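Undergrad: Taking the working numbering, I'd label the letters of the sequence shown as residues 2 to 164.
The C-beta atom is built at its ideal place from N, Cα and C for all residues, glycine as well.
Computed from a predicted model, the values in this text were never measured in an experiment.
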Amino acid sequence: MRHRISLVLALVAFAFPLSTFAQKVVSAPKEDQNSLIITFKDGHQKSYLMADIARIELNTASSIVAGKGQNRFLGKWKVGDGQGSTFYITLEADGVARKSIGANHGTWTTVENEARITWDDGWHDAIRKNGTRYEKAAFAAGKSFTDQPDNVTKAENTEAKPL
């Protein structure tokens, strides 16, 4: 009996420090405490300091929903093609964009008070307010929204929705 009690006490004395060690919360290193960590599908991670991040954009149609300020861009827009003709761009609340010419599917979101549309063929369009009117700026595949546009034309919302 004494042998069993000694054995139990020895196990408790051995197990107690292990259990408290296992319960310790390991905090992240100080440099990682104010950072965004992205884990990729293959398991590797990339860390960004929060102070370096200005904006996070998710550009999948299923994750884009109309947010504050996007309502003014919803609907069907009559825009120019830069060569004297017009076509239509439709912007939907779920982030889907459609147009009546060319590669007709894309996604859109608002950035800096303009609707930025990315088409499946690589072209980009931006619908923005210029004074009291709207305009559409078109950017060829390979260009970004900060580059010089290939053409800028009038844009008119034919289905304006209330803000």
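1. To the nearest angstrom, report how far apart S48 and G83 are at their CA atoms.
2. Since K100 and F88 are thought to touch, with beta carbons under 8 Å apart, how far apart are those beta carbons, to the nearest angstrom?
3. Of all the options E136, R134, T91 and K130, which has the alpha carbon lying nearest to the alpha carbon of W120?
4. Kindly give me the distance between the Cβ atoms of D151 and F140, rounded to whole angstroms, as I take these residues to be in contact under 8 Å.
5. Could you tell me which of K79, W109, G107 and V112 sits nearest to R134, measuring between CA atoms?
6. Express the C-alpha separation of V97 and T108 in angstroms, rounding to a whole number.
7. Please report the distance separating the alpha-carbon of L37 from that of K137.
8. Which partner residues does G107 have in the DSSP bridge list?
9. Look at the Cβ atom of A156, then the Cβ atom of G81, and state whether they are nearer than 9 Å.
TA: The relevant details are as follows:
1. 42 Å
2. 6 Å
3. T91
4. 6 Å
5. K79
6. 5 Å
7. 34 Å
8. A98 and W120
9. yes
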